[in-house]
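Numbering (my numbering), first residue to last: 73 to 356.
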């Protein structure tokens with residue numbers, strides 16, 4: 073089943089559209105019982121039902137509120153308001169904001185860490201009167217919108233991923249990949265795109281090395297480990313977009329019926345090879 077991501081029609085079974093939604097299913101399970109779009113009260117009820125301990129790094133309990141038109145002061149802007157009050161402005165009947173809410177419910181520590189990055193970066197830009205977004209906020213935005221946690225116990229598979237050896241990774245090492253590498257989509261922009269998956273969907277990958285025992289755990293325990301790991305990873309003051317690797321998510325086995333054929337991976341518009349950077353010769 074696919075849907076136009078711009079559709080205003082409510083789909084109770086939307087979490088069944090794509091296998092990449094699996095991590096969201098536990099927190100979003102009650103949504104399938106609704107015959108209408110969830111409202112703000114429904115989202116806040118999810119917080120209670122899921123018993124998620126979701127707090128900002130300032131110690132505020134998060135809650136979803138309707139979007140305000142007044143963002144005239146720094147404290148009223150989207151990210152600062154979350155950090156200072158715990159209030160996440162959310163548009164109703166909007167897939168993008170619904171997936172953001174589900175990401176908060178599923179990865180609360182990671183989302184709080186991203187919010188802290190945004191807050192400090194915005195504060196610095198405001199203090200220094202910087203007209204453009206800085207390196208740290210660039211990286212935080214990419215992760216927030218398109219982040220994919222690549223969990224793997226295989227240095228070889230990680231090497232194939234980082235070297236853009238897509239066909240070797242997804243096809244030639246297919247059986248090994250299913251046992252030793254998994255993708256967990258965090259970015260709510262990418263989650264929205266998966267309502268109508270298309271070749272070209274690419275995430276920004278953060279590689280999380282693990283032991284083989286990670287994959288022996290149930291999904292809830294895996295997500296809990298990722299949440300803690302991301303929280304720690306995002307504390308790095310040197311974080312930049314250079315720390316992220318492209319991830320053509322529909323290459324993962326089973327995430328689209330099309331990738332059951334090896335020729336799917338021959339599309340170099342999607343599975344782009346690594347570009348060889350040519351350095352100019354220097355004269356002595």
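The beta carbon of each residue, even a glycine, is placed where N, CA and C say it ideally should be.
For the set 146, 105, 162 and 122, the Cα lying nearest the Cα of residue 190 is the one of 146. Only residues of its own chain outside the window of five on either side were considered, and among them 303 and 306 have a CB closer than 6 Å to the CB of residue 185, listed in chain order. For residue 256, the three-state secondary structure derived from DSSP is strand. Per DSSP, the unbroken beta strand (DSSP E) holding residue 159 starts and ends at 159 to 162.
Going by C-alpha positions, residue 331 is about 8 Å away from residue 322. For the alpha helix (DSSP H) assignment, the uninterrupted runs of no fewer than 4 residues enclosed by the stretch 128 to 157 are, from N- to C-terminal side, 150 to 157. For residue 89, no alpha helix (DSSP H) run applies, since DSSP gives it neither H nor E.
The beta carbons of residue 96 and residue 174 sit closer together than 7 Å. Between residue 222 and residue 279, the C-beta spacing is below 7 Å. Across the structure, residue 134 and residue 86 are spaced so that their CA atoms are roughly 24 Å apart. Contact between the stretch 149 to 164 and the stretch 116 to 135 is present, with at least three C-beta pairs closer than 8 Å. Residue burial annotation: residue 120 is exposed, with fewer than 16 other C-beta atoms found within 10 angstroms of its C-beta.
Residue 277 sits buried, since 16 or more C-beta atoms from the chains shown fall within 10 Å of its C-beta.
Residue 231 sits in a helix when the DSSP states are folded into three classes. In the DSSP secondary-structure assignment, residue 280 is bridged to 223. Distance from the CA atom of residue 250 to the CA atom of residue 239, rounded to whole angstroms, is 14 Å. Annotated as distal: residue 105 and residue 171, with beta-carbon spacing of 7 Å or more. Boundaries of the beta strand (DSSP E) harbouring residue 317: 317 to 320, taken from the DSSP string. Nearest in C-alpha terms to residue 341, of all of 178, 270 and 84, is 270.
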